[in-house]
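Numbering (the working numbering), first residue to last: 8 to 288.
For each residue, glycine too, the CB sits at the ideal point set by N, CA and C.
Here it is as structure tokens:
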């Protein structure tokens, strides 16, 4: 039945597996000046067999691989993300090419490895207090490691030692308010409602090389999977129930920021903002 068709299987680093028919097509984009640009031979796929955990209709890849749209356009890009929990928020932005916002905000070096984007995480703080985490656990070595930043993953995954340090600090803060822990495998969850039970929860910050920071308020640190329970949006990094030595910063941690990828200068920027301010640009 699949004669003369190109079939490709993609296994995601932390996530599901999907099989697709692969083809190429010309894509047309409209520039901000209303002109158009045509990109030839863009590789795309149509999924026909996916893992049951694959709960979305498609992926717009922003990796740096040979067949990625970013590589084909030979361009930098930026995105600004508001609240991922608000389906009525209409101001999220993705900008490809010359209009990308890549020079504003705090900058940190960016590395490209096997199509992924890596940055150097140096510390994590809660309410201004640095957690007792050896920064070497975030470094790459001969067995892998390192810290990726991704736009296709929702929660953040930290190496086990860093996750446990952050988890323990969060537990101290929340147990102080006599909140009842909710049992969920490899997740820190509580009975309760975020809007009321997390009032006054302190800011968590990820500190990167060069002085760049990501500030995670409660809506970036927690999510409400059911009406009577909320969970920390940070998990220990694992694949098939085995802990791994790399970390991955997901999209929830990047909410309320414009994030720029300067491909030529190998630099990443974070600028905290309400994405609505970009509507008239």
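Residue range 118 to 120 is occupied by the beta strand (DSSP E) that includes residue 120.
When DSSP states are grouped into helix, strand and coil, residue 236 belongs to the strand group. Burial state of residue 39 is exposed, judged by a 10 Å Cβ sphere holding fewer than 16 other Cβ atoms.
Between residue 262 and residue 85, the C-beta spacing is not below 8 Å.
Setting aside the 5 residues that flank it on each side, residue 35 is surrounded in the same chain by 43 and 45, each with a C-beta closer than 6 Å to its C-beta; the list follows chain order. Less than 8 Å separates the beta-carbon of residue 68 from that of residue 76. For residue 181, the three-state secondary structure derived from DSSP is helix.
In this structure residue 100 is in contact with residue 285, their Cβ atoms being roughly 5 Å apart against a cut-off of 8 Å. The Cβ atoms of residue 117 and residue 274 sit closer than 8 Å to each other.
Under the three-state reduction of DSSP, residue 34 is assigned to strand. For residue 196, the closest of 229, 220 and 283 by C-alpha to C-alpha distance is 229. Residue pairing by DSSP places residue 216 in no beta bridge whatsoever. The continuous beta strand (DSSP E) containing residue 155 extends over residues 154 to 156. The bridge partners DSSP lists for residue 269 are 274. Residue 136 has its alpha-carbon roughly 26 Å from the corresponding atom of residue 157.
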